[in-house]
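>
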Amino acid sequence: MKGCLFVLFAAALLVFGLVWFGLPPAAGWAIEQAIPRDALSGNVHATVGVNFPPQLLTGHADTVHLVGTDPVDAASGQLEATALDVTLRDVKLFDRTAARVDGSLTGVRIIEGGIALVTVRRIDIGGPPSNLVATLTIDSAEARRRAVVAIQAVTGTSPTSLTLTAPDRISAVIGGVALSGRLVVQNGSLVAIGDPPWPTIPVLPVSATGALTLGSVTVRPDALVVTGTLAPSAIGLSGP
0 MKGCLFVLFA AALLVFGLVW FGLPPAAGWA IEQAIPRDAL SGNVHATVGV NFPPQLLTGH
60 ADTVHLVGTD PVDAASGQLE ATALDVTLRD VKLFDRTAAR VDGSLTGVRI IEGGIALVTV
120 RRIDIGGPPS NLVATLTIDS AEARRRAVVA IQAVTGTSPT SLTLTAPDRI SAVIGGVALS
180 GRLVVQNGSL VAIGDPPWPT IPVLPVSATG ALTLGSVTVR PDALVVTGTL APSAIGLSGP
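For the sequence shown, the residue numbers in numbering that gives the first Met the number 0 are 0 to 239.
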């Protein structure tokens, strides 16, 4: 009788150990397999955090930490990142929803039609999925390069000089004519506008931003900072 009780006790301990210690890594593996590959793909690893592991059986996790290394494709391939580090909080695994998201993508290239339009140093994201704030930091040299390309595409002439000045000014010499204007977000596009003969220049057209909805832009000494929101589907979450 004592032998049977010992076997039952040992079996119970084994089951408890498997549930307590085995469920989190198993859930992490399952999440990695369940991430929609048309939304987020590449070398992405998921780590599940939970205070009481058996609650994973109900489909709830306290946190899910997603870490990705080059290459990582987000937003259905519109964003290519060298690194991703995102934490989902209060996660409903079966519904692919979370109460809050915090993290960043670094070394991001914004892709349109298979062509990289601009490289973003990092995109910091934070907030509930219904209003996931995204802050894009673009190095000054890269921002100027992108503006030069955009101006040449519209005017047919490459500027001989181009300057970005806080808080939102852009100045260029085009065809020997000195022009100046402002960088603004207009109808979802980042554009340069000014007095004639300066045409409206789509520096970052809305067609390229996709899951990113741009809201405002600020010129800093070292970078161009664009703020907006990111669709939760860009990182594999269901929409709000």
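Yeah, the Cβ is synthetic: ideal placement off N, Cα and C, and Gly gets one too.
Check the Cβ-Cβ distances between residue 192 and every residue of chain B, and say whether any is below 8 Å.
Here chain B cannot be found, since the structure has a single protein chain.
> Please classify residue 180: is it buried, with 16 or more other beta-carbons within 10 angstroms of its beta-carbon, or exposed?
As a working mapping, residue 180 is identified with position 181 in the sequence shown. Residue 180 is buried by the Cβ-count criterion.
> Determine whether the beta carbon atoms of residue 103 and residue 121 lie at a separation below 8 Å.
Stepping through the sequence shown from its first residue, residue 103 is reached at position 104. Stepping through the sequence shown from its first residue, residue 121 is reached at position 122. Yes; because the gap between Cβ atoms is below 8 Å, this pair is in contact.
> From this set, 115, 71 and 133, which residue's C-alpha is nearest residue 211's C-alpha?
Taking the sequence shown and counting its residues from 1, the one referred to as residue 211 is at position 212. The closest CA to that of residue 211, considering only 115, 71 and 133, is found on 133.
> Around the Cβ of residue 83, are there at least 16 other Cβ atoms within 10 angstroms (buried) or fewer (exposed)?
On the sequence shown, position 84 is the one that residue 83 refers to. Buried, by the Cβ-count rule.
> How about residue 90 and residue 60: do their beta carbons lie closer than 8 Å?
Here residue 90 refers to the residue found at position 91 of the sequence shown. Here residue 60 refers to the residue found at position 61 of the sequence shown. Yes, the Cβ-Cβ distance between residue 90 and residue 60 is below 8 Å.
> Considering only the beta carbon of each residue, do residue 190 and residue 201 sit closer than 8 Å?
Walking along the sequence shown from the start, residue 190 turns up at place 191. Walking along the sequence shown from the start, residue 201 turns up at place 202. The answer is yes: Cβ separation under 8 Å.
> Going residue by residue through the segment 187–228, where are the continuous beta strand (DSSP E) segments of at least 3 residues, counting only ones entirely within it?
The beta strand (DSSP E) runs of length 3 or more contained entirely in the segment 187–228 are, from start to end of the chain, 188–193, 200–203 and 211–218.
> May I ask you to report which of helix, strand or coil DSSP gives residue 156?
Counted from its first residue, the sequence shown places residue 156 at position 157. It is coil, neither helix nor strand.
> Between which residues of its own chain and residue 138 is the CB-CB distance below 6 Å, once the five residues before and five after are set aside?
Here residue 138 corresponds to residue number 139 of the sequence shown, with the count starting at 1. Around residue 138: 120 and 222.
> Would you call the segment 137–151 in contact with the segment 227–236, where contact means no fewer than 3 C-beta pairs closer than 8 Å?
no
> Can you give me the start and stop residues for the beta strand (DSSP E) that residue 54 sits inside?
Here residue 54 refers to the residue found at position 55 of the sequence shown. Unbroken run through residue 54: none, as it is neither H nor E.
> Between the segment 103–116 and the segment 183–199, can you find at least three pairs of beta-carbon atoms closer than 8 Å?
no
> Which one or two residues does DSSP pair with residue 126 in a beta bridge?
The count along the sequence shown starts at 1 and reaches residue 126 at position 127. The partner list for residue 126 (beta bridge, DSSP) reads 100.
> Going by DSSP in three states, residue 150 sits in which element: helix, strand or coil?
Reading the sequence shown from its first residue, position 151 is the one you call residue 150. If DSSP states are grouped into helix, strand and coil, residue 150 belongs with the helices.
> On the CB-based measure, 16 or more other CB atoms within 10 Å of its CB, does residue 155 come out buried or exposed?
Numbered from its first residue, the sequence shown carries residue 155 at position 156. Looking at its Cβ environment, which holds fewer than 16 other Cβ atoms inside 10 Å, residue 155 is exposed.
> Do you know whose CA, among 62, 184, 171 and 72, lies nearest residue 100's CA?
One-based indexing of the sequence shown puts residue 100 at position 101. If we check each option's Cα against that of residue 100, 62 comes out closest.
> Figure out for me which residue from 55, 184 and 68 has the closest Cα to the Cα of residue 92.
If you number the sequence shown from 1, residue 92 lands on position 93. Nearest C-alpha to residue 92: 55.
> Please state whether DSSP places residue 20 in a helix, a strand or coil.
Stepping through the sequence shown from its first residue, residue 20 is reached at position 21. Unreliable placement is indicated for residue 20, whose pLDDT of 41 sits below 50; no coordinate value is reported for it.
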